[in-house]
Amino acid sequence: MSFGKASSLNSRSQKATGNPTIPIMSSLGSRLFIYVLGSALLGLAGLSYFFYHELVSGAKREIEQKVYTEVNGIESKLLTVNQSVLALGSATKSLKQANVKDADLYKQLVLEQFRNVGLAYAMGLAQSPNQLVPNRKFYYPYFSRGVDKDDIKYADLATLYSGNSLAEKGEFSQKISSKEPIWLEPFTFNDANTNSSIIMTSFISPLNDQAGEKIGLAIADVTLSSLSQAVKTKVLNNNGSFLILSSQGYLLASPDLSKSDTIKGYRAIPEISQIWDRIQSEPAGLIESGGDFWAFRRIPSTKWLLLAQVPQSSVLTPIFVGVLLASMSVAALLGVVVFIFVRQLNNRLKPILDECEKISEQRGEASIEDERNQDEIDQLSKSFYKLINQIARNEQKIREEVSAAVQAQERLNQARQSQAEAEFLEDEVGGLLDVVSAMEEGDLTMEAEVSDRATGLVADTLNRLREQLAEIIARVLGTTQQVVHGAEDLQKLARVVADNTVEQAQSVAQGVSLTEEVAIAAQDSATKASAANQSLLTAQSTVEEGQVAINTLTEGISVLQKGSAQIVQKMKTLGEFVGLAEQFVQDQGQIASLTQVLAINATLVAARAAEQRDPKQFIGVAREFEAIAGQVNNLANQTNEGLAILQQRTAQIQSVVSAIDSEVQSLGGLVEGFNSGVEQSQKAFYDIQKVTELVVNAGQSITESSVKIADAAETTVQYMSEIDKLATQTADLTRSTSLQAEQMGALARKLLAGIQFFRLPDSLLLSLGDTGITPRLEVQTLDIESIPNLEDFNTGDEDHG
């Protein structure tokens with residue numbers, strides 16, 4: 000549709016302008032529309048296919064997640080049944096171990112457990128012959144629910160069957176043969192109360208006594224209709240259904256199973272029989288069969304198989320429709336965008352084609368009308384090449400005209416150049432005369448302009464002469480500056496000599512002070528040596544006292560170790576007594592639990608006695624009371640014996656505790672003596688530490704004093720020997736420096752006065768480190784009389800010596 004609109008629009012625009020019509024398939028816009036839209040549709044189709052498969056995979060994952068959630072829900076409900084049956088079995092074994100034989104108590108126990116199970120249809124406790132209730136061969140208390148869940152009915156299934164033939168019934172024989180807790184395959188149960196058949200499955204737990212003999216079964220029955228109600232929800236998008244199969248392939252739950260009264264296997268269901276072999280090898284998965292998705296997962300506690308059946312049409316159709324609508328919407332939007340782009344392209348190309356047509360008509364060339372099978376770009380390219388050829392021809396004509404004009408201009412320029420050459424030669428001669436005049440006046444900064452004419456050689460020779468003269472004068476100026484700097488250095492040297500003279504005087508004074516320090520350090524060393532000897536004597540006596548205290552501590556530690564070993568041995572004995580006491584407490588706990596069981600039995604017997612009216616039966620109840628009283632008497636005797644043993648063990652513990660107390664008291668005295676010894680040792684070692692510190696400090700002080708004495712003596716000798724040499728050298732250098740400075744200053748002033756006539760170029764001045772200012776030499780006269788008299792210092796040293 001977009002393609003037709005673009006073509007008709009192109010035709011209408013061309014007819015309105017009077018231009019020829021371009022065929023539809025030859026139009027650039029039409030071909031561009033077809034290429035772009037076709038490639039985009041191919042990519043969109045691939046993308047739609049990818050999204051379709053991704054959405055299908057997401058739907059499959061959602062189905063598997065629904066199956067996983069449903070398995071967890073069924074598992075939790077079945078675990079409630081399992082736990083209730085196992086709790087019933089555990090309580091029954093406890094009553095059996097307590098020798099409880101009351102049938103009503105077992106009946107009440109079954110009722111209490113049954114009330115806590117919502118999924119179970121019924122719960123019962125089947126005894127093995129004469130096990131729980133010895134006076135009855137079979138006993139099977141059985142509670143079931145009616146239409147109303149709160150309507151609980153009771154029946155003793157052992158009495159409903161005639162002649163105690165319950166063991167011969169098929170479902171009971173299947174249950175009684177089990178050795179481990181197990182869920183049975185579905186079976187039909189004939190309810191004698193309602194005279195109806197119920198399809199159900201059972202969870203049974205065998206009960207064995209301590210000797211391993213089977214005493215009965217704890218049983219919970221679950222109808223298939225209740226299981227079907229638990230999986231009645233839809234799987235996905237209000238479609239699909241859940242099914243439960245047993246490990247043998249029997250149908251346990253489905254939405255329409257409540258309407259059936261027969262047991263169905265997987266072979267009776269064609270859809271399941273086709274996939275049965277495929278789903279046996281894996282615990283969970285999803286397969287496709289018969290136009291349906293089949294998701295399956297095992298229920299861990301029962302090994303049952305939960306199936307989810309979802310029609311493929313309910314999953315694929317919405318996904319396909321959604322992807323198709325989205326693809327069509329995107330394709331339509333893309334077609335509109337491409338159509339608008341092609342339309343704008345045609346509108347922009349149309350004025351260009353019209354101008355090309357006009358140019359062709361003006362040149363009398365073939366019209367674009369003859370190129371009907373070419374698109375707009377081909378027509379533009381041919382028109383462009385024609386324009387380039389025309390421009391090349393026009394350029395050749397222009398080049399010929401410009402060449403003639405250039406030749407005429409060259410002839411005119413030659414005449415002008417001859418006249419300018421004469422004027423330029425006159426100017427160059429004038430420049431040479433100006434440079435010569437400047438050199439006569441001493442200005443060497445001007446430079447003659449060099450050219451390639453006859454005057455250029457003269458200018459070049461004059462410039463070389465000027466440069467050589469400038470270099471000679473620059474060298475003279477540099478030498479003069481060096482002389483000036485040398486005079487300045489001599490002045491600095493004179494100042495340094497004066498400073499050295501002052502330092503010599505200070506060194507003499509320092510030698511005198513060092514000599515005095517030597518005498519003081521010698522006296523200090525003698526005093527500290529005597530103090531060190533006294534500290535060593537004190538340290539020796541303190542060490543002897545510390546040795547005595549350490550020997551005393553060693554003896555106390557050995558006695559303390561022996562006492563600790565005895566205390567440890569008695570603590571072990573006390574721990575054994577405590578263990579025996581704990582054993583007694585455990586025995587008393589068992590006696591208390593047995594007493595509670597006897598109390599329950601007594602309560603049950605009392606309840607039966609209150610209901611009895613027959614004297615013979617009352618005598619039987621009294622005998623039971625007598626048996627319970629005998630058991631209570633035995634427990635009391637065991638308690639008395641245990642108390643006597645506990646009293647003996649308590650006396651033994653008391654004696655051990657007394658012995659430990661006496662040992663601890665005796666060790667207390669040892670510990671006090673040990674503490675006093677430790678204090679004495681600490682005091683002795685503290686005294687040793689102080690004396691040692693004094694000795695070390697004294698030794699260090701003596702060493703430092705000796706070093707100072709040696710250094711001071713050596714320094715004094717060096718200072719005294721060098722003073723005489725420096726005095727003579729100082730006087731000679733001072734006189735020589737003054738004379739040289741005066742002579743160099745006079746020479747420098749004369750030389751600078753002769754050079755001031757010339758002016759040098761800036762480049763030579765910069766190479767000499769000068770900024771254009773003529774240096775001036777200022778010679779200062781050194782006052783020799785200001786030097787201190789060294790003979791005074793020498794006289795002072797002799798007096799101190």
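For the sequence shown, the residue numbers in numbering that gives the first Met the number 0 are 0 to 800. Cβ atoms here follow ideal geometry from the backbone N, Cα and C, with glycine treated the same way. Quick caveat, the model's predicted, so the values are computed rather than measured.
1. If I measure Cβ to Cβ from ASN238 and keep anything under 7 Å in the same chain, skipping five residues before and after, which residues do I get?
2. If we ignore side chains and look at the alpha-carbon of each, how far apart do GLN112 and SER83 end up?
3. So GLU287 is in the beta strand (DSSP E); what residue range does that whole segment cover?
4. When the Cα atoms are used, what is the spatial distance from THR68 to LYS100?
5. Would PHE202 and ASN71 be called neighbours here (beta carbons separated by less than 8 Å)?
6. Within this structure, are the beta carbons of ALA307 and VAL55 separated by less than 8 Å?
7. Within the continuous beta strand (DSSP E) that includes TYR141, where are the two ends?
8. How about the segment 265-272 and the segment 322-339: do they share at least three Cβ pairs that are nearer than 8 Å?
9. Got a sec, what are the start and stop residues for the beta strand (DSSP E) ALA801 sits in?
10. Taking all protein chains shown into account, do 16 or more other C-beta atoms lie within 10 angstroms of the C-beta of GLN779, making it buried, or fewer, making it exposed?
11. How is LEU251 classed by DSSP in three states: helix, strand or coil?
12. Within this structure, are the beta carbons of LEU206 and LYS59 separated by less than 8 Å?
13. Confirm, please, whether the CB-CB distance from ILE644 to PHE583 is below 8 Å.
14. Assuming LYS527 contacts SER700 under a Cβ cut-off of 8 Å, what Cβ separation, rounded to an integer in Å, is found between them?
15. Is it right to say LYS302 is buried, meaning 16 or more other beta carbons lie within 10 angstroms of its own, or is it exposed?
16. Quick check on ILE278: buried or exposed, where buried means 16 or more other Cβ atoms within 10 Å of its Cβ?
17. Beta-carbon within less than 7 Å of VAL457's beta-carbon, same chain only, minus the 5 sequence neighbours each way: which residues are those?
18. Would you decide whether GLY88 is buried or exposed? Buried here means 16 or more other CB atoms lie within 10 Å of its CB.
19. So what does DSSP say about THR187, is it helix, strand or coil?
20. On the criterion of 16 or more Cβ atoms from any shown chain inside 10 Å, does TYR141 qualify as buried, or is it exposed?
21. Compare the C-alpha of SER47 against each of LEU642, ILE599, ASN98, VAL322 and name the closest.
22. Near VAL109, which residues of its chain fall below 7 Å by C-beta distance, leaving aside the five closest residues on each side in sequence?
23. Rank LEU304, LYS233, THR261, PHE49 by C-alpha distance to the C-alpha of GLY248 and give the top, closest one.
24. Spatial neighbours of LEU78 within its chain, please: C-beta separation below 7 Å, excluding the five flanking residues on both sides.
25. What are the boundary residues of the beta strand (DSSP E) that includes PHE292?
26. Starting from ILE274, trace the alpha helix (DSSP H) in both directions and tell me its first and last residue.
27. GLU623 to LYS152, Cα distance in whole Å?
28. Using 8 Å for Cβ pairs, my map puts LEU242 next to LEU235. What's the rounded Cβ distance?
29. Compute the Euclidean distance between the alpha carbons of GLY619 and LEU597, then round it to the nearest angstrom.
30. State the CB to CB distance for the pair ILE298 and ILE73, rounded to an integer number of angstroms; the pair is presumed to be in contact (CB under 8 Å).
31. So what does LEU821 bridge to, in DSSP terms?
32. Just to check my reading of the structure: ILE318 and TYR51 have Cβ atoms closer than 8 Å, yes? What is that Cβ distance to the nearest angstrom?
33. Cα-Cα, which of ILE339, GLN389, MET570 is closest to VAL35?
34. When DSSP labels each residue in this structure, what does MET445 get in the three-state scheme?
35. Within 10 angstroms of its Cβ, does VAL116 collect 16 or more other Cβ (buried), or is it exposed?
Taking the geometry as given:
1. Looking up residue 238 in the sequence shown gives position 239. The residues are VAL309, PRO310, SER313.
2. Start at 1 with the first residue of the sequence shown, and residue 112 comes out as number 113. Start at 1 with the first residue of the sequence shown, and residue 83 comes out as number 84. If you take the alpha carbons of GLN112 and SER83, they lie about 6 Å apart.
3. Numbered from its first residue, the sequence shown carries residue 287 at position 288. Element bounds for GLU287: 283-288.
4. One-based indexing of the sequence shown puts residue 68 at position 69. One-based indexing of the sequence shown puts residue 100 at position 101. Whole-angstrom Cα-Cα distance: 45 Å.
5. By one-based count along the sequence shown, residue 202 stands at place 203. By one-based count along the sequence shown, residue 71 stands at place 72. No. Outside cutoff.
6. The residue labelled residue 307 in the question sits at position 308 within the sequence shown. The residue labelled residue 55 in the question sits at position 56 within the sequence shown. No, Cβ-Cβ distance for ALA307 and VAL55 is not below 8 Å.
7. Counted from its first residue, the sequence shown places residue 141 at position 142. Per DSSP, TYR141 belongs to the beta strand (DSSP E) from 140-144.
8. No, they do not touch.
9. Only positions 0 to 800 of the chain appear in the structure, and residue 801 is not among them; the question remains open.
10. Position 780 of the sequence shown, counted from the first residue, corresponds to residue 779. Unreliable placement is indicated for GLN779, whose pLDDT of 43 sits below 50; the coordinate value is still reported in the next sentence. Exposed, since its Cβ has fewer than 16 Cβ neighbours within 10 Å.
11. On the sequence shown, residue 251 is found 252 positions in, with the first residue counted as 1. Three-state DSSP puts LEU251 in a strand.
12. For the purposes of this step, residue 206 is taken as residue 207 along the sequence shown, with counting starting at 1. For the purposes of this step, residue 59 is taken as residue 60 along the sequence shown, with counting starting at 1. With respect to the 8 Å criterion, LEU206 and LYS59 are not classified as neighbours on the basis of their beta carbons.
13. Residue numbering aside, residue 583 sits at position 584 when the sequence shown is read from its first letter. Residue numbering aside, residue 644 sits at position 645 when the sequence shown is read from its first letter. A contact, by the Cβ cut-off of 8 Å.
14. Sequence index remark: in the sequence shown, residue 527 carries index 528 (1-based). Sequence index remark: in the sequence shown, residue 700 carries index 701 (1-based). Rounded to the nearest angstrom, the Cβ distance from LYS527 to SER700 is 5 Å, consistent with a contact under 8 Å.
15. As a working mapping, residue 302 is identified with position 303 in the sequence shown. Counting Cβ neighbours within 10 Å, LYS302 comes out exposed, since fewer than 16 surround it.
16. Position 279 of the sequence shown, counting from 1, holds the residue named residue 278. In summary, ILE278 is buried, with 16 or more beta-carbon neighbours lying within 10 Å of its beta-carbon over all protein chains present.
17. Counted from its first residue, the sequence shown places residue 457 at position 458. Within the same chain, VAL457 has close Cβ partners LEU431.
18. Locating residue 88 in the sequence shown gives position 89, where the first residue counts as 1. Residue environment: GLY88 is assigned as buried (16 or more neighbouring CB atoms within 10 Å of its CB, all protein chains considered).
19. Within the sequence shown, the letter at position 188 stands for residue 187. In the three-state reduction of the DSSP assignment, THR187 falls in the strand class.
20. As a first step, residue 141 is located in the sequence shown; it is residue number 142 there, counting from the start. The residue is buried, with at least 16 neighbouring Cβ atoms inside 10 Å.
21. In the sequence shown, residue 47 corresponds to position 48, counting from 1. Checked all of LEU642, ILE599, ASN98, VAL322; the closest Cα to SER47 is VAL322.
22. Mapped onto the sequence shown, residue 109 falls at position 110. Excluding residues within five positions, the ones whose Cβ falls inside 7 Å are LEU87, MET122, GLY123, LEU124, PRO140, PHE142.
23. Taking the sequence shown and counting its residues from 1, the one referred to as residue 248 is at position 249. It is LEU304.
24. For the purposes of this step, residue 78 is identified with residue 79 of the sequence shown, where counting begins at 1. The beta carbon of LEU78 sits closer than 7 Å to the beta carbons of SER300 from its chain, once the five residues preceding and following it are set aside; these are given in chain order.
25. Taking the sequence shown and counting its residues from 1, the one referred to as residue 292 is at position 293. Here the beta strand (DSSP E) through PHE292 covers 291-298.
26. Position 275 of the sequence shown, counted from the start, is the residue given in the question as residue 274. In this chain, the alpha helix (DSSP H) harbouring ILE274 covers 269-278.
27. The residue labelled residue 623 in the question sits at position 624 within the sequence shown. The residue labelled residue 152 in the question sits at position 153 within the sequence shown. Rounded to whole angstroms, GLU623 to LYS152 spans 31 Å at the Cα level.
28. Taking the sequence shown and counting its residues from 1, the one referred to as residue 242 is at position 243. Taking the sequence shown and counting its residues from 1, the one referred to as residue 235 is at position 236. The pair is not a contact, with the Cβ atoms about 15 Å apart (cut-off 8 Å).
29. As a first step, residue 619 is located in the sequence shown; it is residue number 620 there, counting from the start. As a first step, residue 597 is located in the sequence shown; it is residue number 598 there, counting from the start. Taking C-alpha positions only, GLY619 is separated from LEU597 by approximately 17 Å.
30. Counted from its first residue, the sequence shown places residue 298 at position 299. Counted from its first residue, the sequence shown places residue 73 at position 74. So it is a contact: roughly 6 Å between Cβ atoms.
31. Outside the modelled stretch of the chain, which goes from 0 to 800, sits residue 821, for which no answer is possible.
32. Translated into positions along the sequence shown, residue 318 becomes position 319. Translated into positions along the sequence shown, residue 51 becomes position 52. About 6 Å separates the beta carbon of ILE318 from that of TYR51, a gap short enough to meet the 8 Å contact definition.
33. For the purposes of this step, residue 35 is taken as residue 36 along the sequence shown, with counting starting at 1. When each option's Cα is compared against that of VAL35, the closest is ILE339.
34. For this step, residue 445 is matched to residue 446 along the sequence shown. Of the three classes helix, strand and coil, the one that applies to MET445 here is coil, per DSSP.
35. Here residue 116 refers to the residue found at position 117 when the sequence shown is read from its first residue. By the C-beta density criterion, VAL116 is buried, having at least 16 other C-beta atoms within 10 angstroms.
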